[in-house]
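Structure first, commentary second.
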Amino acid sequence: MQNQRIRNNILIDTIINPNYYMSINGYSHIGGDKLDLIEIFKALGDENRIRILNLLIRQELCVCEIETLLDMTQSNASRHLNKLKSAGVITSEKKSQWVYYRVDNKFIEENNLLYEFIKDKMDENTQLLKDVERLKKYKNSNFTCEQLREDKSQVLKYLQGHCEKTKNEN
């Protein structure tokens, strides 16, 4: 509990005084070629981007998987992914015809306190926990991106039915 309080106080100090955070992480100036903490907070200031980050913290995913799991359009998912990527929160890698996204290791290293704080808070949010359950069910189903492209509705039906079954069992 004491460690949690210390971490939260440091984060609060960071939010109130961004220069404090910038100085402890080697950011001695605003601008330049280093990412600005303000851009990171802007990128994290949207529910859809938090939901995307919640999934990417747990597993590398492609756009089609993210749009299916979070029930958003491909263009909307791509827009949010680009915002997170431009802030340095996530990175992408092309594997054949698919682009996969994951949390950037550099972001984790340079913003470890913030990253841990976000992870802790995500585990307390009902919607984010539902998203994680959906991710687990999807991954256990062995559906592929190819199947998503061919018949997304089949995957959605499976997830809906599987989630309803789990809800009724509880």
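Per the UniProt record's numbering: the sequence shown = residues 1 to 170. Where a beta carbon is used, it is the ideal one built from N, C-alpha and C, also for glycine.
According to DSSP, is Glu47 part of a helix, a strand, or is it coil? DSSP places Glu47 within a helical segment (H, G or I) once states are collapsed to three.
Do the region 118-131 and the region 52-63 meet, that is, are 3 or more Cβ pairs less than 8 Å apart?
As far as the Cβ criterion goes, the region 118-131 touches the region 52-63, which means the pair count is three or higher.
Using the Cβ count rule (16 or more neighbours within 10 Å means buried), how would you classify Arg79?
Exposed: under 16 other Cβ atoms inside 10 Å.
- Query: With a CB to CB cut of under 8 Å and the five nearest residues on each side skipped, what residues in its chain are close to Ser86?
  - Reply: In the same chain as Ser86, and ignoring 5 residues on each side of it, the C-beta atoms closer than 8 Å to its own belong to Glu39, Ala43, in chain order.
message: Going by beta-carbon coordinates alone, are Tyr158 and Lys130 separated by less than 9 Å?
response: No, Cβ-Cβ distance for Tyr158 and Lys130 is not below 9 Å.
In terms of residue numbering, what span does the beta strand (DSSP E) encompassing Glu93 cover? Start and end: 90-95.
- request: Measure the C-alpha to C-alpha separation of Gly161 and Ser153 and round it to an integer number of angstroms.
  value: Going from the Cα of Gly161 to the Cα of Ser153 covers about 12 Å.
Check your understanding: Which same chain residues, not among the five before or five after Val155, have their C-beta less than 8 Å away from its C-beta?
Key -> Cβ within range, chain order: Thr68, Tyr138, Ser141, Phe143, Gln147, Leu148.
Just to confirm, is the Cβ distance from Ile52 to Leu70 under 9 Å?
Going by beta carbons, Ile52 and Leu70 fall inside the 9 Å limit.
Checklist entry - Looking only at C-alpha atoms, which of Gln97, Glu93, Trp98 sits nearest to Asp104? => result Comparing Cα positions, the closest option is Glu93.
**Request:** Quick one: measure Cβ to Cβ for Tyr100 and Leu81, integer angstroms, because I've assumed they're closer than 8 Å.
**Result:** Incorrect: roughly 11 Å between the Cβ atoms, too far for contact.
*How is the alpha helix (DSSP H) around Phe117 delimited, first residue to last?*
Boundaries of the alpha helix (DSSP H) harbouring Phe117: 112-122, taken from the DSSP string.
task: Keeping to the same chain, check which residues put their C-beta closer than 7 Å to that of Ser75; ignore five residues upstream and five downstream.
output: So no residue of the chain qualifies.
Could you give the DSSP three-state label for Leu53: helix, strand or coil?
-> Here DSSP, grouped into helix, strand and coil, assigns Leu53 to helix.
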